[in-house]
Structures are given as structure tokens and as C-alpha cells.
Amino acid sequence: MAYKQIVAAAILDSLSHPRKLLAARRTSPPALAGLWEFPGGKLESGESCEAGVARELVEELGVEVMLGTEVFGPEPEGWVLNEHAAMRVWFAEITDGTPDTLEDHDQLAWVELDAESLKALDWIPADLPIVHAVLADTLAGATR
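Residues are numbered in the numbering used here as their position in the sequence shown, beginning at 1, plus a constant of 36.
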């Protein structure tokens with residue numbers, strides 16, 4: 037099945053010594069409003085996944101990033117979100133700008149990289165397996 041490709045970033049305070057993850061709270065669609073996610077979005081025609089992540093983070097948060105390793109999902113397209121879309125996620129570190137809620141989000145939060153802190157947020161259900169993978173990868177030192 038061909039999925040619409042979504043890209044996102046697990047933004048860390050540091051790729052080399054991560055302690056915190058930046059989470060973003062959605063404002064729409066109504067079914068997802070108020071839930072937390074990894075910032076990102078749809079690829080544009082002809083755009084590479086890495087370029088799409090960088091563009092989306094400028095548009096949504098006003099930041100430029102350095103990408104680390106990919107948080108590999110179970111499918112070639114990454115993590116299946118629903119019957120139509122799958123998302124690839126990269127670790128990232130901000131290199132320029134201060135994150136702000138410019139588009140699609142009403143709140144940002146730097147969350148400690150531990151199970152208790154991450155579980156305290158009401159994540160979009162499709163993002164929960166990614167949250168677990170992010171935590172496992174950071175504990176294993178596989179972020180850059």
C-alpha cells in the first residue's frame with residue numbers, strides 16, 4: 037500500500053547528551069486538538085524527507101535544525117499513522133532560532149527524557165510507539 041509520506045522531528049536539547057525532548061500540542065483537526073506530537077508535516081512534491089523536516093520546522097516553530105539519526109519505524113515509510121499516512125522521524129537539535137507556536141500548535145514543552153515525564157503528556161495515539169522508540173534510542177545513545 038502507498039502511504040502519504042509525513043516527516044517529523046524528535047527535537048532534543050542536545051544530540052550528543054540528550055536530556056529533554058520538545059513536544060508540541062496540536063490545535064487541529066478537532067479530533068487531535070489538545071494532543072501532543074512530534075512537529076512536522078507532509079512532504080511537498082519532489083522534496084526529500086530530510087529537506088521536508090527542515091522546512092516544516094521553520095514553518096511550524098521558526099527554528100533551523102541539525103538532523104541526527106532516523107528513529108526507524110517498522111515499515112519502509114516509517115511509522116504507520118493510519119490507513120493513508122506513515123511518518124518518518126529524525127532526531128534533531130536546534131541550531132538557530134527559539135521555538136515558537138507559529139503554525140498548527142498552541143503550546144510547546146521541553147520534557148525530560150524519562151518514561152514517567154513522557155507518559156504524563158496526552159500523546160496522539162499513533163505517536164505513542166514513536167515516543168517509546170525515541171526513549172529507547174536515546175538511552176542507547178543512538179541519536180546522531
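Cβ coordinates follow ideal geometry from the N, Cα and C atoms, glycine included. For clarity, every value in this text was computed on a predicted model and none was experimentally measured.
Margin query: I'd like the list of long-range same chain contacts for residue 102, defined as Cβ closer than 6 Å, with 5 residues on each side in sequence excluded.
Written below: Contacts found: 129, 131.
Kindly indicate which three-state DSSP category residue 77 falls into: helix, strand or coil? Residue 77 sits in a strand when the DSSP states are folded into three classes.
**Asked** So what's residue 142 in DSSP terms, helix, strand or just coil?
**Response** Of the three classes helix, strand and coil, the one that applies to residue 142 here is strand, per DSSP.
Please list the terminal residues of the continuous alpha helix (DSSP H) segment that includes residue 88. In the DSSP annotation of this structure, the continuous segment of the alpha helix (DSSP H) that includes residue 88 starts and ends at 85-97.
Next item on the list: Compare the beta carbon distance of residue 162 and residue 93 with 8 Å and say whether it is the shorter of the two.
Entry: No, the pair does not count as a contact, with Cβ atoms beyond the cut-off.
*Residue range of the unbroken alpha helix (DSSP H) whose run includes residue 172*: Note, residue 172: alpha helix (DSSP H), 164-176.
Less than 8 Å between the beta carbons of residue 41 and residue 79, yes or no?
Between residue 41 and residue 79, the CB-CB gap stays under 8 Å.
| said: DSSP three-state label for residue 149, please. | reply: DSSP places residue 149 in the coil class of the three-state scheme, outside both helix and strand.
- Task: State the beta-bridge partners of residue 130 as determined by DSSP.
- Result: Per DSSP, 101.
Problem set entry | Cα-Cα separation between residue 49 and residue 99, rounded to whole angstroms | Cα to Cα, the separation comes out at about 13 Å.
Legend entry - Alpha-carbon to alpha-carbon, residue 116 and residue 133: Going from the Cα of residue 133 to the Cα of residue 116 covers about 31 Å.
By the three-class DSSP mapping on this structure, what secondary structure does residue 57 have? Collapsing the DSSP output to three states places residue 57 in a strand.
### Query
Would you call residue 175 buried or exposed, if buried means 16 or more other Cβ atoms sit within 10 Å of its Cβ?
The residue is exposed, with fewer than 16 neighbouring Cβ atoms inside 10 Å.
Taking 8 Å as the cut-off, decide whether the C-beta atoms of residue 95 and residue 141 are in contact. Taking 8 Å as the Cβ cut-off, residue 95 and residue 141 do not qualify as a contacting pair.
* When you compare each of 61, 38, 47 to residue 138 by their alpha carbons, which one comes out closest? -> Here the closest residue by C-alpha is 61.
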